[in-house]
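Visitor:
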Amino acid sequence: MSGDWAGIAWLVVLLIGNGFFVAAEFAVISARRSQIEPLAEKGKRSARTALWAMEHATLMLATCQLGITVCSLLILNVSEPAIHHLLEVPLELLSLPEAAVSTISFIIALLVVSYLHVVIGEMVPKNISFSVPDRAVLLLATPLVWIATVLRPIIAALNGIANGVLRLARIQPVDEAASTFTLEEVQTIVDRSTREGVLSDTSGALTMAFEFTEKKVSDVALPVSTLVTLPEDATPADLERAVSQHGFSRYVLVDAQKEPVGYLHLKDVLELDDDEYDLPVPSKFVRQLVSIYQGTELEDALATMRRAGVHLARAFDETGATTGVLFLEDIIEELVGEVRDATRRI
């Protein structure tokens, strides 16, 4: 009889062990690096261990699977017979046939052990790790890594065989759980977080950022005919009058065919001498326009303009003809909302 109660004690121990490996497995997969890395940078040892475990996910998962398998087999081979034998004693008092007693006690023992194994050993720890993955991985990673280190030769052999099977199936094994996201995945995360009430995009910046990636130069560039332009031989006096009347700080220069050939910035002519006031602005003060195809994605156009250090660009079509002028200010407005020229009249 004492041996049967020892089997019950082993059932408790094995359920705890099985639950530990299940919880650790889901914690390593579900935890977010973005939450663990700041703690590791502050020197928290459990966070550094958790990051190591997440970076060696294959080794950790193999350890968990081995632990779950061993615990499950021991539960069936040690605990189930003990419960079976304990149930036979009260059933024999019912004066049932020996075969019936054995069968009934076996079925009850199997149901009880299976229920405890599935609920206590599997579902409860899994749900805990899903609910608080970051806290779970900080708590469980250290003992899991220690077990993996002790059993590494065995796990490495089993893992090597598994990876070999994957390579035969032309699947490349990976060691680290995926921690990067595509643009579509990020947008889905933001949408879901907004619906759940844990993220508020009151300024619309997130929405504009996602829409920004879908826009092209043609969506933002302005036709030359709608712009306030100056002739290519404009003087500082012409620029001053334009600033006084319209308030903009930058003006596109156009030739006789109304083609943009450059642009002037107010600050470039402020220090010119008085005798240059009515003469065409020196060419060294005329800023060049970069040319960008109208079908270019807006984020690529922004990168091009930043590399060139310009505020304006000429947009052109398949034939090379000018279709408009792209302003850096307008690109930024697609991301953060309206940006007003500091010199513009309101």
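Residues 1 to 346, numbered by UniProt numbering, are exactly what the sequence shown covers, in order. Backbone N, C-alpha and C fix where the C-beta goes; we use that ideal spot for every residue, glycine too.
#1: Would the C-beta of Asn77 count as close to the ligand NAP, meaning under 6 Å from any of its heavy atoms?
#2: Can the beta-carbon of Val243 be found closer than 7 Å to that of Ile292?
#3: Would you mind sorting Glu25 into buried or exposed? The rule is 16 or more other CB atoms within 10 Å of its CB.
#4: Output the distance between the C-alpha atoms of Ala342 and Gly247, rounded to the nearest integer angstrom.
#5: By how many angstroms is the C-alpha of Gly43 removed from the C-alpha of Ser102?
#6: Compare the beta carbon distance of Leu289 and Ala313 with 7 Å and say whether it is the shorter of the two.
#7: Suppose the cutoff is 6 Å on Cβ atoms and the five residues either side in sequence are ignored; what does the same chain contact list for Thr296 look like?
#8: Does the count of Cβ pairs from the region 274-288 and the region 250-262 closer than 8 Å reach three?
#9: Comparing C-alpha positions only, which one of Val118, Leu222 and Leu59 sits nearest to Leu151?
#10: Using CA coordinates, which residue listed in Ala62, Val28, Leu61 and Ala169 is at the minimum distance from Ser46?
#11: Given Ala141, which residues of its chain have a CB within under 6 Å of its CB, disregarding the five upstream and five downstream residues?
#12: Taking all protein chains shown into account, do 16 or more other C-beta atoms lie within 10 angstroms of the C-beta of Ala256, making it buried, or fewer, making it exposed?
#13: Which residues mark the beginning and the end of the beta strand (DSSP E) in which Phe316 is found?
#14: With a cut-off of 8 Å, do at least 3 Cβ pairs link the region 272-280 to the region 304-313?
#15: Mapping the DSSP letters down to three states, classify Ile292 as helix, strand or coil.
#16: Can you give the Cα-Cα distance for Gly19 and Pro125, rounded to whole angstroms?
#17: Return the first residue and the last residue of the beta strand (DSSP E) that His265 is part of.
#18: Distance, Cα to Cα, Leu11 vs Ser72?
#19: So, for Ile331: in the same chain, excluding its five sequence neighbours on each side, which residues have a beta-carbon less than 8 Å away from its beta-carbon?
#20: Give me, in chain order, the residues of the same chain whose beta-carbon lies closer than 7 Å to that of Ile346; leave out the 5 immediate sequence neighbours on both sides.
#21: Quick one: what does DSSP say Pro231 is sitting in, helix, strand or coil?
#22: On the DSSP letters alone, give me the boundaries of the alpha helix (DSSP H) that Arg170 sits inside.
#23: Going by beta carbon distance, what residues of the same chain come within less than 8 Å of Ile68, once the five residues before and after it are set aside?
#24: Who are the near neighbours of Ile128 in its chain, counting only those whose CB is closer than 8 Å to its CB and skipping five residues on each side?
Guide: For this structure:
#1: Here there are no bound small molecules, and the ligand NAP is not part of this structure.
#2: Counted from its first residue, the sequence shown places residue 243 at position 243. Counted from its first residue, the sequence shown places residue 292 at position 292. No, these two residues do not count as a Cβ contact at 7 Å.
#3: Locating residue 25 in the sequence shown gives position 25, counting from the first residue. Result: buried.
#4: For the purposes of this step, residue 342 is identified with residue 342 of the sequence shown, where counting begins at 1. For the purposes of this step, residue 247 is identified with residue 247 of the sequence shown, where counting begins at 1. Note on Ala342: pLDDT 48, under 50, position unreliable in the model; the coordinate value appears next. Distance from the CA of Ala342 to the CA of Gly247, rounded to the nearest whole angstrom, comes to 9 Å.
#5: The residue you call residue 102 lines up with position 102 of the sequence shown. The residue you call residue 43 lines up with position 43 of the sequence shown. Looking at the two C-alpha atoms, the distance is approximately 58 Å.
#6: Here residue 289 refers to the residue found at position 289 when the sequence shown is read from its first residue. Here residue 313 refers to the residue found at position 313 when the sequence shown is read from its first residue. Annotated as proximal: Leu289 and Ala313, with beta-carbon spacing under 7 Å.
#7: Indexing the sequence shown from 1 puts residue 296 at position 296. Val217, listed in sequence order.
#8: The region 250-262 and the region 274-288 touch, with three or more beta-carbon pairs separated by less than 8 Å.
#9: In the sequence shown, residue 151 corresponds to position 151, counting from 1. Leu151 has its Cα closest to that of Leu59, out of Val118, Leu222 and Leu59.
#10: In the sequence shown, counting from the first residue as 1, residue 46 sits at position 46. Of Ala62, Val28, Leu61 and Ala169, the residue nearest in Cα terms is Val28.
#11: The residue given as residue 141 occupies position 141 in the sequence shown. A distance below 6 Å between beta-carbons, with the five flanking residues on each side excluded, links Ala141 to the following residues of its chain, in chain order: Thr49, Ala50 and Ala53.
#12: Residue mapping note: residue 256 aligns to position 256 of the sequence shown, counting from 1. By the neighbour-count rule (16 or more Cβ atoms within 10 Å), Ala256 is not buried but exposed.
#13: Looking up residue 316 in the sequence shown gives position 316. Start and end: Leu312 to Phe316.
#14: These segments do not touch.
#15: If you number the sequence shown from 1, residue 292 lands on position 292. Ile292: strand per DSSP, three-state reduction.
#16: Within the sequence shown, numbered from 1, the residue matching residue 19 stands at position 19. Within the sequence shown, numbered from 1, the residue matching residue 125 stands at position 125. When rounded, the distance between both Cα atoms is 5 Å.
#17: Stepping through the sequence shown from its first residue, residue 265 is reached at position 265. DSSP places His265 in the uninterrupted beta strand (DSSP E) bounded by Pro260 to His265.
#18: Locating residue 11 in the sequence shown gives position 11, counting from the first residue. Locating residue 72 in the sequence shown gives position 72, counting from the first residue. Each residue's CA atom was taken as its position, placing Leu11 and Ser72 some 10 Å apart.
#19: Taking the sequence shown and counting its residues from 1, the one referred to as residue 331 is at position 331. Spatial neighbours of Ile331 in its own chain (CB-CB distance under 8 Å, excluding positions within 5 residues in sequence) are listed in chain order as Val220, Leu298, Ala301, Leu302 and Met305.
#20: Residue numbering aside, residue 346 sits at position 346 when the sequence shown is read from its first letter. Summary for Ile346: the model assigns pLDDT 48, below 50, so the residue's position carries little reliability, and this model does not support an answer.
#21: As a working note, residue 231 is residue 231 in the sequence shown. DSSP, reduced to helix, strand and coil, places Pro231 within a strand of the structure shown.
#22: Along the sequence shown, one-based indexing puts residue 170 at 170. Per DSSP, Arg170 belongs to no alpha helix (DSSP H) and is neither H nor E.
#23: One-based indexing of the sequence shown puts residue 68 at position 68. Only Asn18, Phe21, Val22 and Glu25 meet the Cβ criterion.
#24: Taking the sequence shown and counting its residues from 1, one reaches residue 128 at position 128. Cβ within range, chain order: Ala23 and Ala136.
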